[in-house]
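Colleague:
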């Protein structure tokens, strides 16, 4: 059994497991219970009352966080030569086509997001086994398959994230870093939750938002009151 450190004990003692915190309270408390020496990531986990196995209950979308994620997102733009310069100017970390398709085929996936054009999606199909499990396959619904490559790259760099409900009905998403102020974490969390609520599938019955937890890397999780918005 892993030994609980003094800092872990102190952090756990500050969280009342029997309390449902407001987002505002949780955002402030998270700052107190994050003890890592590095700038920890802050994540939110939302359990939804949906059955992801049914297409009409799948929840997937994008949200632009007001204050970004705090992470420098690595973007690969798979584009034709005439679009390369605009992708570079927009901040894409890697730009090209055939050479990167070959690298991906050989297992390279050292990026966070891939942006491409409709005409190129046919070439990406055979790479689904590599990209799919890592959540890297571009999708028109998330704005990563578009002719406006520059806009797509710029939005990702500015804090636009892609989220989807997993097979257990939970949406996991990064909403910032521990170095963010409590107000910035609150703004980002509210933006994501508001977006999720608007996306409630018509076919979903009963309670839609079942539970919400906020945590940072290695911190205890904080249970959030689901009566929000």
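Numbering (the UniProt record's numbering), first residue to last: 1 to 229. Think of the CB as a built atom: it goes at the ideal place given N, C-alpha and C, for glycine as much as any other residue.
Could you tell me which residues DSSP pairs with residue 222 in its beta bridges?
Modeller: Its beta-bridge partners are 214.
Colleague: Please name the residue in 164, 219, 202 whose C-alpha comes closest to that of residue 192.
Modeller: The shortest C-alpha separation from residue 192 is found at 164.
Colleague: Check this for me: beta carbons of residue 56 and residue 203, under 8 angstroms apart or not?
Modeller: The answer is yes: Cβ separation under 8 angstroms.
Colleague: Find the nearest neighbour of residue 188 within the set 65, 154, 18, 41, judged by alpha-carbon distance.
Modeller: The shortest C-alpha separation from residue 188 is found at 65.
Colleague: For the candidate residues 45, 75, 24, whose alpha-carbon lies nearest to that of residue 110?
Modeller: The candidate whose alpha carbon is nearest that of residue 110 is 75.
Colleague: In whole angstroms, what is the alpha-carbon distance linking residue 131 and residue 30?
Modeller: Roughly 33 angstroms separates the two Cα atoms.
Colleague: Measure the CB-CB distance between residue 176 and residue 42 and report whether it falls below 8 angstroms.
Modeller: Yes, the Cβ-Cβ distance between residue 176 and residue 42 is below 8 angstroms.
Colleague: Would you mind stating whether residue 145 and residue 118 have Cβ atoms separated by less than 8 angstroms?
Modeller: Taking 8 angstroms as the Cβ cut-off, residue 145 and residue 118 qualify as a contacting pair.
Colleague: Quick check on this structure: which residue in 16, 21, 5 has the alpha carbon closest to the alpha carbon of residue 186?
Modeller: Selected option, being the one with the closest Cα: 21.
Colleague: Taking Cβ positions, are residue 102 and residue 150 nearer each other than 8 angstroms?
Modeller: Their beta carbons are not under 8 angstroms apart, which means residue 102 does not touch residue 150 by this criterion.
Colleague: Between which two residues does the beta strand (DSSP E) carrying residue 152 extend?
Modeller: Careful: residue 152 lies outside any beta strand (DSSP E), inside the alpha helix (DSSP H) at 149 to 158.
Colleague: In chain order, what residues of the same chain lie with their CB nearer than 6 angstroms to the CB of residue 120, ignoring the 5 residues before and after it?
Modeller: Contacts found: 78.
Colleague: Just how far apart, CA to CA, sit residue 36 and residue 17?
Modeller: C-alpha separation (whole angstroms): 21 angstroms.
Colleague: Helix or strand or just coil, what does DSSP make of residue 48?
Modeller: Strand, per DSSP.
Colleague: With a threshold of 8 angstroms on Cβ separation, who are the neighbours of residue 83 within its own chain once the five nearest residues in sequence on each side are excluded?
Modeller: Closer than 8 angstroms at the Cβ level, and outside the excluded window around residue 83, lie 77, 117, 149.
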